[in-house]
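In our numbering, the protein residues as written are 336 to 488.
We treat Cβ as the ideally placed atom computed from N, Cα and C, and that holds for glycine.
Quick caveat: nothing in here was measured; it's all calculated off a predicted structure.
Have a look at the structure below before the remarks.
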């Protein structure tokens with residue numbers, strides 16, 4: 336069974352995230368959208384809100400699940416017997432950052448049993464990031480054009 340973990344904070348989930356998952360659905364038997372907990376980060380939305388946003392967004396996709404975890408993504412993958420990490424790339428800076436993480440994850444799994452799969456975000460969504468959405472929300476701007484319906488509160 337081909338299972339992928341799509342890790343992130345998803346604070347909030349954006350149309351860029353949606354684009355990646357929607358396009359990855361046919362590639363995997365199951366995709367676990369895994370919300371990582373980072374004690375150093377201050378979130379705009381609670382963990383439960385973020386999980387609910389994701390559940391509602393992907394309710395029509397039976398092979399998409401939502402979970403949360405603490406610690407290293409690679410350890411989470413091992414605990415779930417997952418062999419793929421799904422990541423989206425918006426620009427060259429994302430690639431360099433994600434490449435370093437992917438190479439580190441390979442080094443941490445001596446057997447090289449977890450591969451990182453990169454998908455390019457569709458060009459019309461490559462400018463969207465959760466941090467930009469949070470900034471727009473904090474100033475009362477029109478963030479609705481960047482997020483799935485479930486996030487439009």
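- Have a look at residue 454 and residue 427 and give me their C-alpha separation to the nearest angstrom. Taking the chain shown and counting its residues from 1, the one referred to as residue 454 is at position 119. Taking the chain shown and counting its residues from 1, the one referred to as residue 427 is at position 92. About 13 Å.
- For residue 402, is the beta carbon positioned less than 7 Å from some heavy atom of the ligand PLP? Among the ligands in the structure shown, none appear at all, so the ligand PLP cannot be discussed.
- Whole-angstrom Cβ separation of residue 392 and residue 463, contact assumed at under 8 Å? On the chain shown, residue 392 is found 57 positions in, with the first residue counted as 1. On the chain shown, residue 463 is found 128 positions in, with the first residue counted as 1. About 14 Å; that fails the 8 Å criterion.
- Starting from the C-beta of residue 336, find all residues in its chain whose C-beta is less than 6 Å away, skip the five residues before and the five after it, and write them out in chain order. Walking along the chain shown from the start, residue 336 turns up at place 1. Here the set comprises 364.
- Item | Candidates 418, 477, 481, 368, of which the one nearest residue 450 by Cα | Working through the chain shown from its first residue, we reach residue 450 at position 115. When each option's Cα is compared against that of residue 450, the closest is 418.
- How close, in whole Å, do the beta carbons of residue 340 and residue 369 come, if the pair is a contact with beta carbons under 8 Å? Taking the first residue of the chain shown as position 1, residue 340 is located at position 5. Taking the first residue of the chain shown as position 1, residue 369 is located at position 34. Taking the Cβ atoms as the reference, residue 340 lies roughly 5 Å from residue 369, within the contact range of under 8 Å.
- Query: If you count every other CB in all the chains shown that lies within 10 Å of the CB of residue 480, and 16 or more means buried, which is it?
  - Reply: For the purposes of this step, residue 480 is taken as the residue at position 145 of the chain shown. Result: exposed.
- Residues of its chain near residue 387, where Cβ-Cβ distance is below 8 Å and the 5 sequence neighbours each way are ignored: Your numbering for residue 387 matches position 52 in the chain shown. Once the five neighbours on either side are set aside, the close Cβ partners of residue 387 are 485.
- Looking at C-alpha atoms only, which residue of 372, 433, 429, 401 is the closest neighbour of residue 407? Along the chain shown, read from residue 1 onward, the residue named residue 407 stands at position 72. Ranking the options by Cα distance to residue 407, first place goes to 372.
- Task: Just the C-alpha distance for residue 446 and residue 433, rounded to the nearest angstrom, thanks.
- Result: Taking the chain shown and counting its residues from 1, the one referred to as residue 446 is at position 111. Taking the chain shown and counting its residues from 1, the one referred to as residue 433 is at position 98. Going by the C-alpha atoms only, they are around 20 Å apart.
- Do residue 444 and residue 423 have their C-beta atoms closer together than 8 Å? Residue mapping note: residue 444 aligns to position 109 of the chain shown, counting from 1. Residue mapping note: residue 423 aligns to position 88 of the chain shown, counting from 1. Contact: no.
- Item | Continuous alpha helix (DSSP H) stretch holding residue 401: start and end | As a first step, residue 401 is located in the chain shown; it is residue number 66 there, counting from the start. No alpha helix (DSSP H) holds residue 401; the beta strand (DSSP E) holding it covers 399-405.
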